[in-house]
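Colleague: I am attaching a structure below and will ask some questions about it afterwards.
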Amino acid sequence: GNSVTQMEGPVTLSEEAFLTINCTYTATGYPSLFWYVQYPGEGLQLLLKATKADDKGSNKGFEATYRKETTSFHLEKGSVQVSDSAVYFCALNYGGATNKLIFGTGTLLAVQP
Amino acid sequence: NAGVTQTPKFQVLKTGQSMTLQCAQDMNHEYMSWYRQDPGMGLRLIHYSVGAGITDQGEVPNGYNVSRSTTEDFPLRLLSAAPSQTSVYFCASSPRPADGYTFGSGTRLTVV
Chain A
815 GNSVTQMEGP
825 VTLSEEAFLT
835 INCTYTATGY
845 PSLFWYVQYP
855 GEGLQLLLKA
865 TKADDKGSNK
875 GFEATYRKET
885 TSFHLEKGSV
895 QVSDSAVYFC
905 ALNYGGATNK
915 LIFGTGTLLA
925 VQP
Chain B
26 NAGVTQTPKF
36 QVLKTGQSMT
46 LQCAQDMNHE
56 YMSWYRQDPG
66 MGLRLIHYSV
76 GAGITDQGEV
86 PNGYNVSRST
96 TEDFPLRLLS
106 AAPSQTSVYF
116 CASSPRPADG
126 YTFGSGTRLT
136 VV
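Chains as they are written, first to last, in our numbering: chain A, 815 to 927; chain B, 26 to 137.
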């Protein structure tokens, strides 16, 4: 079935470090891929998306490229800030009649000053 | 523009009690969903709707009912609360799921 696997956390980085959070997926067809962010005590916010192979989604310095050959959608940022501390969720939507959104388990990022 | 509004924000129930979690959106979105979030398990889909009058089960529907009489509202009913339903519940809506969902701020439910 359709599923999303993302790296276990927590990920602890120093400010200005490079961030990678790995995400791979299993899906039939051509799903849309998303990264959502959840700040403490809040709901989820859409961070970026990509709807077809080789698309690059980007927002707030974060980016991820839809790699169909490796079924991956890794999240990267060149220089993290303390304010980036949050839980990051990778997700896919595989369309069809139901258009369900399937989430990974989330990765906690803690950025230290 | 309020987006997706969930009420209440916090709730404590006794085992066996029933209640309704409210969700309303003012963006005229056709697609709406309910998720529960539990530590280490990400978000799991409870029920979803692709338009007024149309609902279906998600991954973990047992113990929950939904209805969608209007485009705006998508309430989630707990029929007889159990401690296993202690969780944070999120409602989300979308005009076109390939573009992503907008989430509410959540309801934290504790069943004792």
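Each residue gets a CB set at the ideal place from its N, CA and C atoms; glycine is no exception.
Does the distance from the C-beta atom of residue 115 of chain B to that of residue 131 of chain B stay below 9 Å?
Modeller: Cβ distance < 9 Å, so residue 115 of chain B and residue 131 of chain B count as in contact.
Colleague: Buried or exposed for residue 835 of chain A, going by 16 or more other Cβ atoms inside 10 Å?
Modeller: Looking at its Cβ environment, which holds 16 or more other Cβ atoms inside 10 Å, residue 835 of chain A is buried.
Colleague: Residue ranges of each beta strand (DSSP E) run of no fewer than 3 residues wholly in the region 855-885 of chain A, ordered along the chain?
Modeller: Taking only runs of at least 3 residues, the beta strand (DSSP E) segments lying wholly in the region 855-885 of chain A are 858-864, 870-873 and 876-879.
Colleague: Using a Cβ cut-off of 8 Å, pull out every chain B residue sitting near residue 935 of chain A, in sequence order please.
Modeller: This structure cannot settle anything about residue 935 of chain A, because the visible part of chain A is limited to 815 through 927.
Colleague: Among residues of its own chain, excluding the 5 on either side of residue 859 of chain A, which ones have a beta-carbon nearer than 6 Å to its beta-carbon?
Modeller: The residues are 851.
Colleague: Output the boundary residues of the beta strand (DSSP E) element that contains residue 902 of chain A.
Modeller: It spans 900-907 - the beta strand (DSSP E) in which residue 902 of chain A sits, taken as one unbroken run.
Colleague: By Cβ distance below 8 Å, which residues in the same chain neighbour residue 86 of chain B in space, the five residues on each side in sequence not counted?
Modeller: Same-chain partners within the cutoff: 71 and 72.
Colleague: Contact defined as beta carbons within less than 8 Å: I believe residue 893 of chain A pairs with residue 924 of chain A. What is the distance between those atoms, to the nearest angstrom?
Modeller: Actually they are not in contact, since the Cβ atoms of residue 893 of chain A and residue 924 of chain A sit about 16 Å apart, beyond 8 Å.
Colleague: Can you look up residue 924 of chain A in the DSSP assignment and give me helix, strand or coil?
Modeller: In this structure, residue 924 of chain A counts as strand in the three-state DSSP scheme.
Colleague: In this structure, does DSSP put residue 118 of chain B in helix, strand or coil?
Modeller: Strand, per DSSP.
Colleague: Should residue 877 of chain A be flagged as near chain B, meaning a C-beta pair shorter than 9 Å?
Modeller: Answer no: the Cβ-Cβ gap between residue 877 of chain A and chain B never drops below 9 Å.
Colleague: Indicate the three-state DSSP secondary structure (helix, strand or coil) for residue 42 of chain B in the structure shown.
Modeller: Coil.
Colleague: What does residue 887 of chain A reach in chain B if we use C-beta pairs closer than 9 Å?
Modeller: Those do not exist, as residue 887 of chain A stays about 14 Å from chain B at its closest Cβ, beyond 9 Å.
Colleague: I'd like to confirm the pairing. Which residues does DSSP put opposite residue 14 of chain B in its beta bridges?
Modeller: Given that chain B is displayed from residue 26 to residue 137, the structure contains no residue 14 of chain B and the question cannot be resolved.
Colleague: Do the CB positions of residue 75 of chain B and residue 48 of chain B come within less than 9 Å of each other?
Modeller: Not a contact, by the Cβ cut-off of 9 Å.
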